[in-house]
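Novice: Counting from 41, one number per residue, gives the positions in the sequence shown under my numbering. Below are the structure tokens for one structure; questions will follow.
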Amino acid sequence: MVDWAGLVLKCSYYYGHLIGLTNFEFDWATGRVYTSQRSTVYAMCIGVMFPVLLAYRWVGRGKFNLMFENANMLHEYVMVLVRGLRIVAGLFTLIGRWQKRRHVMGLTRSVFRLFRERPEVLLMCRRGILIKVFIAVVTDSLHVLFSVDTMASHMDTGLLIGQFLMYSLTSIVNLAVAQHSLAMLFLRARYQLLNRELRQVIDESSGLSHRPPRRGVFICRCCCLADRLDAIASQQGRLQAMVVKIGQVFAIQGLLVYSGYYLSTVAVGYLTYSIVKNGPEALGITPMGLVLIAVWCCFYYTDALLNLFVILNILEEHRATTRLLEERTLFAEGLDVRLEQAFESLQLQLIRNPLELNIMQIFPVTRSSTTAMFGSVLTHCIFLIQYDMEHF
């Protein structure tokens, strides 16, 4: 039987090499992560190529954006801002991969170690991996198709370079986001296994506290449960440290990606209003282009929600660990001292180190903050529409 999840992960790994995002080697058989002259030189050449193409396109003549060649100035400002942020995000993602190269390699080793310890993690993540990669591939493909439809009657070298640059840098950001999402998906699955193990320990401890057997057997079972609980505490600390480390490594990229989602959503809202008001022809959008934009938006925001939910689900799993430990209050008295101390140690560990995810200490990633961001997006869309109605 073909391991589709493993095959997809390998394809994404080699695709990362192709576009210059991955600048180290990984041995799939042993889990060895190392640098090589081949991967380093190739990634450096790709990294240098993008600023050169950007400079050439910037000083070259011709229209930078055909889609809004008949649009008003406000449309131009909005789209230039969105596209400019995507270019900046792509360049900073490449720069960040070189700055955090050793950290990314260390995280790759850690994630592979999780898989080697518990191979069922990959089976638990298989559906999520396939869905994530499928949506990412379709989103990038729709981007290409829309670019081809836009350039159908305006083909020249400058436009080809511009579209290639935009697509490549956007693909770099999308792949980096996908790698982050897949890593968090693995960690969430490992958290689920940890909570299952904790659930078993709590159930056995509860039964042991209410029906203690003979003294010798009772102490042996308590010591065994305490050892399992210590192992759970150690694994929980490792998982939380990895989650925090991933957030630190991808901090700047996360800020740019969130800003991109924010501005793109504002732009889509304003664009929708402009199409309803003036018609797609006024913006130079063909009927096929309009269909591609609509389908692209569906996949783009589905992908964004998947990235958000995988982070929120990790927070939920962490809170589930805390809630499970609260059931300790239902135990009867008389458990062994060592087992009681193991429970107290794990509870203190969770209290001392609460899991909080944020973007560069600026934007906390929670359900309430996400809801507030949606409200802010709606407010800025209204501002743009009001300005358009007044001046255009």
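The C-beta atom is built at its ideal place from N, Cα and C for all residues, glycine as well. Just so it is clear, the structure is predicted and the values come from calculations on it, not from any experiment.
#1: Could you spell out where the alpha helix (DSSP H) holding Glu-116 opens and where it closes?
#2: Looking only at C-alpha atoms, which of Met-400, Val-257, Thr-62 and Leu-390 sits nearest to Glu-15?
#3: Taking only the alpha-carbon atoms, compute the straight-line gap between Thr-70 and Arg-158 and give it to the nearest angstrom.
#4: Could you compute how far the alpha carbon of Leu-58 sits from the alpha carbon of Ile-422?
#5: Taking all protein chains shown into account, decide if Lys-50 is buried (16 or more other Cβ within 10 angstroms of its Cβ) or exposed.
#6: In the DSSP assignment, find the unbroken alpha helix (DSSP H) run with Val-308 in it and report its ends.
#7: In terms of alpha-carbon separation, which member of Leu-170, Gly-146, Thr-133 and Ala-229 lies closest to Asp-343?
#8: With a Cβ-Cβ cutoff of 8 Å, do Ala-223 and Val-151 count as a contact?
#9: Whole angstroms is fine: what's the gap from Thr-74's alpha carbon to Ala-266's?
#10: CB-CB under 6 Å to Asn-353, same chain, minus the five flanking residues each way: which ones, in chain order?
#11: Does DSSP classify Glu-430 as helix, strand or coil?
#12: Pairs of beta-carbons, one from the segment 142-150 and one from the segment 231-246, closer than 8 Å: are there three or more?
#13: For Ile-399 and Gln-288, what's the separation of their Cα atoms in angstroms?
#14: Looking at the structure shown, is Phe-403 part of a helix, part of a strand, or coil, going by DSSP?
#15: In whole angstroms, what separates the C-alpha of Gly-15 from that of Arg-126?
#16: From which residue to which residue does the alpha helix (DSSP H) around Asp-67 run?
#17: Within its chain, find whatever has a CB closer than 7 Å to the CB of Asp-180; leave out the 5 residues flanking it on each side and keep chain order.
Specialist: Put simply:
#1: 113-139
#2: Any question about residue 15 goes unanswered here, given that the chain covers just 41 to 432.
#3: 15 Å
#4: 41 Å
#5: exposed
#6: 291-318
#7: Leu-170
#8: yes
#9: Strictly speaking, residue 74 in this sequence is Tyr, with Thr absent from that position. The straight-line gap from Cα to Cα measures roughly 38 Å.
#10: Arg-228
#11: helix
#12: no
#13: 8 Å
#14: strand
#15: Past the boundaries of the shown model lies residue 15; the chain is included only from 41 to 432, so the question cannot be answered.
#16: Run containing Asp-67: none; DSSP gives neither H nor E here.
#17: Ser-211 and Asn-214
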